[in-house]
Amino acid sequence: MAQQQDHLSRADSKEIARRRRGRSIAIFFSLLGLCVLFYAIAIIKMARH
Amino acid sequence: MSDNRIAAFEPDGREQSLPSGHSGAENSALPLEGEAELRDWIALLKPRVMTLVVFTGLIGLLVAPGRIHPIIAFAAVLCIAVAAGAAGAINMWYDRDIDARMRRTASRPIPAGRILPHAALGFGVTLAAASVFVMFQATNLAAASVLAISILFYVFVYTMWLKRRTPQNIVIGGAAGAFPPVIGWAAVTGSVDLVPLIHFAIIFFWTPPHFWSLALYAHGDYARAGVPMLPVVSGARETRRQIMGYTVLLLPITLLPWFVGFSGPAYAVVATLLGLGFIYHAWLVLTDAQDESGVSLTGDKPARAAFKFSLLHLAVIFAAIALDRLLTGLLG
Numbered sequence: 000m001a002q003q004q005d006h007l008s009r010a011d012s013k014e015i016a017r018r019r020r021g022r023s024i025a026i027f028f029s030l031l032g033l034c035v036l037f038y039a040i041a042i043i044k045m046a047r048h
Numbered sequence: 000m001s002d003n004r005i006a007a008f009e010p011d012g013r014e015q016s017l018p019s020g021h022s023g024a025e026n027s028a029l030p031l032e033g034e035a036e037l038r039d040w041i042a043l044l045k046p047r048v049m050t051l052v053v054f055t056g057l058i059g060l061l062v063a064p065g066r067i068h069p070i071i072a073f074a075a076v077l078c079i080a081v082a083a084g085a086a087g088a089i090n091m092w093y094d095r096d097i098d099a100r101m102r103r104t105a106s107r108p109i110p111a112g113r114i115l116p117h118a119a120l121g122f123g124v125t126l127a128a129a130s131v132f133v134m135f136q137a138t139n140l141a142a143a144s145v146l147a148i149s150i151l152f153y154v155f156v157y158t159m160w161l162k163r164r165t166p167q168n169i170v171i172g173g174a175a176g177a178f179p180p181v182i183g184w185a186a187v188t189g190s191v192d193l194v195p196l197i198h199f200a201i202i203f204f205w206t207p208p209h210f211w212s213l214a215l216y217a218h219g220d221y222a223r224a225g226v227p228m229l230p231v232v233s234g235a236r237e238t239r240r241q242i243m244g245y246t247v248l249l250l251p252i253t254l255l256p257w258f259v260g261f262s263g264p265a266y267a268v269v270a271t272l273l274g275l276g277f278i279y280h281a282w283l284v285l286t287d288a289q290d291e292s293g294v295s296l297t298g299d300k301p302a303r304a305a306f307k308f309s310l311l312h313l314a315v316i317f318a319a320i321a322l323d324r325l326l327t328g329l330l331g
């Protein structure tokens with residue numbers, strides 16, 4: 000079977016980079032939110048005791 | 000996510016080969032396969048289903064006796080939402096074959112090729128485990144346990160066991176969607192009492208007429224996918240009768256909070272009016288113009304109206320439960 004050239008088009012490549020950037024930003028903010036939430040939960044629990 | 004596939008252009012614009020193992024044919028067929036956008040990952044969490052889950056969970060939390068810090072309450076509701084989304088993602092992973100055959104679900108991220116199945120499974124399992132862990136850390140063992148049971152029930156009992164085997168799938172499986180008010184209550188009290196079980200029963204008995212109304216006008220989709228929904232197995236006429244039966248049964252169940260003294264007469268009036276409204280819609284479904292096999296000659300207009308009304312019915316019932324408690328607290 001003839002092998003085709005192994006590459007993505009420039010448009011696809013840009014699109015993939017854009018999507019990965021979007022995911023990375025979302026993961027960053029999710030982790031940041033979780034850190035804040037865990038910190039707040041810990042403070043509230045310590046205050047109770 | 001297929002992170003072994005790298006961008007084909009360096010920053011300076013030079014073309015770059017992909018790692019071996021990726022054929023050109025594969026890439027030309029689906030160049031962006033597995034490269035989902037953020038909205039695809041959100042779609043995997045079934046946000047529309049999540050809305051009602053969060054709402055009923057929040058009501059369970061608000062009406063429970065006792066106090067809870069607002070941030071802990073926020074964490075509990077977040078866990079309920081994430082757990083529901085996680086169960087939805089695992090459901091989409093398991094049902095990807097039938098989703099691809101149904102018009103309503105063919106454009107979901109997995110059948111459309113935007114998210115790879117194993118990535119969806121990993122995403123769902125991770126979120127499910129995290130939601131139970133955080134719920135335990137933020138609230139208590141009872142809430143975390145019921146949350147875990149609700150996820151396991153939805154995934155193993157409904158999705159993997161019942162959905163493809165019996166027309167009773169959404170009757171028994173409906174229990175999975177009925178857990179949120181119990182979880183909300185347990186997050187505050189650390190226990191499960193009669194009242195949250197009544198809230199559970201309301202959602203449990205509301206689910207069949209709600210889903211069968213949808214199944215009446217989407218039965219072609221279910222038949223194509225081989226899902227034994229009631230209209231596919233027993234026909235439209237029997238489904239109409241069952242919708243009527245469950246809707247009549249639902250009315251006294253929605254009155255139980257008043258009967259046990261948890262809600263006041265104002266709630267009872269609202270629940271009665273809503274119940275009668277739902278029965279009226281079920282009656283229109285039952286008496287819809289049909290051919291000999293019970294198939295609607297009106298494009299299932301009454302079933303569509305009953306489905307929409309069922310959403311309003313449940314939302315207003317739970318809002319009324321919360322408002323009634325609020326007013327009782329303010330006046331008494």
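Sequence order for the protein chains is A and B.
For the first sequence, numbering that gives the first Met the number 0 begins at 0 and goes up steadily by one.
For the second sequence, numbering that gives the first Met the number 0 begins at 0 and goes up steadily by one.
Beta carbons: idealized from backbone N, C-alpha and C, even for Gly.
Between residue i and chain A, is there a C-beta pair that is closer than 8 Å?
i, result
"Ala167 (chain B)", "A quick correction: the sequence has Gln, not Ala, at residue 167 (chain B). No, no contact with chain A."
"Pro37 (chain B)", "What sits at residue 37 (chain B) in the sequence shown is Leu, not Pro. Leu37 (chain B) counts as touching chain A."
"Glu34 (chain B)", "yes"
Output yes if chain B places a C-beta closer than 8 Å to the C-beta of residue i; else output no.
i, result
"Arg22 (chain A)", "yes"
"Leu36 (chain A)", "yes"
Name the one or two DSSP bridge partners that residue i has.
i, result
"Gln289 (chain B)", "B:Ser295"
Please report whether the beta-carbon of residue i lies at a distance below 8 Å from any beta-carbon of chain E.
i, result
"Asp290 (chain B)", "Chain labels in this structure do not include chain E; the protein chains are A and B."
Tell me whether residue i, by its Cβ, gets closer than 7 Å to a heavy atom of the ligand PLP.
i, result
"Ala10 (chain A)", "Within the structure as shown, the ligand PLP is missing, as the structure has no ligands at all."
Query raised in the report: Between the segment 69 to 92 of chain B and chain A, which residues of the former have a C-beta closer than 7 Å to a C-beta of the latter?
Result: Ile70, Ile71 and Ala74
Report task. Count the CB pairs spanning the segment 178 to 193 of chain B and the segment 286 to 303 of chain B that are closer than 8 Å, and state whether there are at least three. Result -> Because the criterion of three Cβ pairs below 8 Å is not met, the segment 178 to 193 of chain B and the segment 286 to 303 of chain B do not touch.
Query - Complete alpha helix (DSSP H) runs within the segment 209 to 290 of chain B (minimum length 4 residues, chain order) - result: Runs found: 218 to 224, 229 to 232, 234 to 253, 255 to 258 and 264 to 285.
Query - Touch test, the segment 201 to 213 of chain B against the segment 67 to 82 of chain B, Cβ-Cβ under 8 Å, three pairs minimum - result: no
Query - Selection of the segment 129 to 141 of chain B by Cβ proximity to chain A, strictly under 9 Å - result: Ala129, Val133, Gln136 and Ala137
Query raised in the report: Can you give, in chain order, each stretch of the alpha helix (DSSP H) that sits fully within the segment 149 to 216 of chain B and has at least 4 residues?
Result: 168 to 172, 174 to 177, 179 to 188 and 193 to 216
Requested in this report: Inspect the CB distances between the segment 227 to 246 of chain B and the segment 276 to 291 of chain B and report whether three or more fall short of 8 Å.
Outcome: yes
**Report entry** contact_flag[the segment 102 to 121 of chain B, the segment 148 to 161 of chain B] where n(CB pairs < 8 Å) is 3 or more
**Finding:** The segment 102 to 121 of chain B, when compared against the segment 148 to 161 of chain B, does not touch it at the 8 Å Cβ threshold.
**Report entry** At least 3 beta-carbon pairs within less than 8 Å: the segment 255 to 267 of chain B vs the segment 317 to 326 of chain B
**Finding:** yes
Query raised in the report: Using 8 Å as the Cβ pair cut-off and three pairs as the minimum, do the segment 35 to 42 of chain B and the segment 163 to 170 of chain B touch?
Result: no
Query raised in the report: Should the segment 99 to 112 of chain B be regarded as contacting the segment 53 to 61 of chain B, the criterion being three or more beta carbon pairs within less than 8 Å?
Result: no
Requested in this report: Evaluate the contact criterion for the segment 105 to 117 of chain B versus the segment 88 to 97 of chain B: three or more CB pairs, one atom per stretch, below 8 Å.
Outcome: yes
Query - Inter-stretch contact (C-beta, 8 Å, three-pair minimum) for the segment 164 to 178 of chain B and the segment 129 to 136 of chain B - result: no
**Report entry** Residue ranges of each alpha helix (DSSP H) within the segment 41 to 117 of chain B, 4 or longer
**Finding:** DSSP runs (the alpha helix (DSSP H)) wholly in the segment 41 to 117 of chain B: 46 to 62, 69 to 93 and 95 to 100.
Query raised in the report: Would the segment 221 to 236 of chain B and the segment 255 to 264 of chain B be scored as touching if the rule is three or more Cβ pairs under 8 Å?
Result: no
Query raised in the report: Taking the runs of the alpha helix (DSSP H) that are 4 residues or longer, which of them lie wholly in the segment 11 to 48 of chain A?
Result: none
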